[in-house]
Amino acid sequence: MHAVYWYDAKGDLAARLRQRKYTLLRGLQIPPDALPGALTLTHHRCGTPTCWCAKGAEGHPLWLLTFMVDGKRRVESIPNEWVEQVRPLVEQGREFKDAVAEVFAANAQLLALWRRQTKKKRRKKT
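In the numbering used here, the protein residues as written are 4 to 129.
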């Protein structure tokens with residue numbers, strides 16, 4: 004198997020990408036209580052004919068945490084009294100996921116840059 008040294012890409016862009024990547028990696032620790040997905044407020048009608056929500060009002064507020072497990076969407080209702088504790092945990096999860104995605108993107112850009120640079124070198128030799 005041929006070793007790929009894409010991290011050897013040269014130039015200002017490569018240096019900036021590596022610098023950003025290593026800055027992210029230094030601060031990247033998996034938050035132990037972080038939650039995936041999105042926390043959203045929705046409204047629903049309870050179904051009781053005499054309830055105020057049955058008269059065409061918006062309905063009862065309901066917080067939902069939507070996330071994926073094994074490729075399937077899961078939705079969990081979150082009690083109102085938990086929302087202030089759950090919201091920052093969802094934000095931590097989103098920030099972690101965004102940082103990991105940025106590291107992966109930097110790796111892919113470095114690979115593409117290295118490939119372009121090595122193609123140029125090979126053309127000059129022939």
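Note that beta-carbon positions come from the ideal geometry of N, C-alpha and C, so glycine has one too. From a predicted model like this one, the values you see are computed outputs, not experimental measurements.
Please list, in chain order, all residues of the same chain as residue i whose beta carbon is under 8 Å from its beta carbon, the five residues on each side excluded.
{"i": "N83", "result": "P64 and W66"}
{"i": "V103", "result": "L31"}
Taking 7 Å as the limit between beta carbons, can you name the residues of its chain near residue i, skipping five residues before and five after?
{"i": "A17", "result": "L113 and L116"}
{"i": "A12", "result": "L113, L116, W117 and Q120"}
Measuring alpha carbon to alpha carbon, tell me which of the options ends up nearest residue i.
{"i": "T45", "options": "E94, P35, I81 and Y25", "result": "I81"}
{"i": "L31", "options": "K123, E87, R118 and F107", "result": "F107"}
{"i": "K24", "options": "T121, Q120 and E105", "result": "E105"}
{"i": "L68", "options": "A37, K58 and G59", "result": "A37"}
{"i": "R2", "options": "R48, L42 and Q88", "result": "In the structure as shown, the chain begins at 4 and stops at 129. Residue 2 is therefore absent and cannot be evaluated."}
{"i": "A111", "options": "R21, L92 and E61", "result": "R21"}
{"i": "P91", "options": "D15, P35 and R19", "result": "P35"}
Go ahead and label residue i buried or exposed: buried means 16 or more other beta carbons lie within 10 angstroms of its beta carbon, across all protein chains shown.
{"i": "L28", "result": "exposed"}
{"i": "V72", "result": "exposed"}
{"i": "A109", "result": "buried"}
Considering residue i, what are the terminal residues of the alpha helix (DSSP H) in which it resides?
{"i": "T45", "result": "From DSSP, T45 is part of no alpha helix (DSSP H) but of the beta strand (DSSP E) over A41 to H47."}
{"i": "K24", "result": "D15 to R29"}
Return the Cβ separation of residue i and residue j in integer angstroms, given the expectation that the two are a contact with Cβ distance under 8 Å.
{"i": "P39", "j": "G74", "result": "Not a contact, Cβ separation roughly 13 Å."}
{"i": "A60", "j": "T51", "result": "No, A60 and T51 are not in contact; Cβ-Cβ is about 13 Å, not under 8 Å."}
Locate the beta strand (DSSP E) running through residue i, then write down its first and last residues.
{"i": "K58", "result": "It is not in any beta strand (DSSP E) - K58 carries neither H nor E in the DSSP assignment."}
{"i": "L38", "result": "No beta strand (DSSP E) contains L38, which DSSP labels as neither H nor E."}
{"i": "E84", "result": "Element bounds for E84: n/a, residue is neither H nor E."}
{"i": "T69", "result": "H63 to V72"}
Tell me which same chain residues have a C-beta within less than 6 Å of the C-beta of residue i, skipping the five on either side of it?
{"i": "E79", "result": "L68"}
{"i": "V93", "result": "L38 and L42"}
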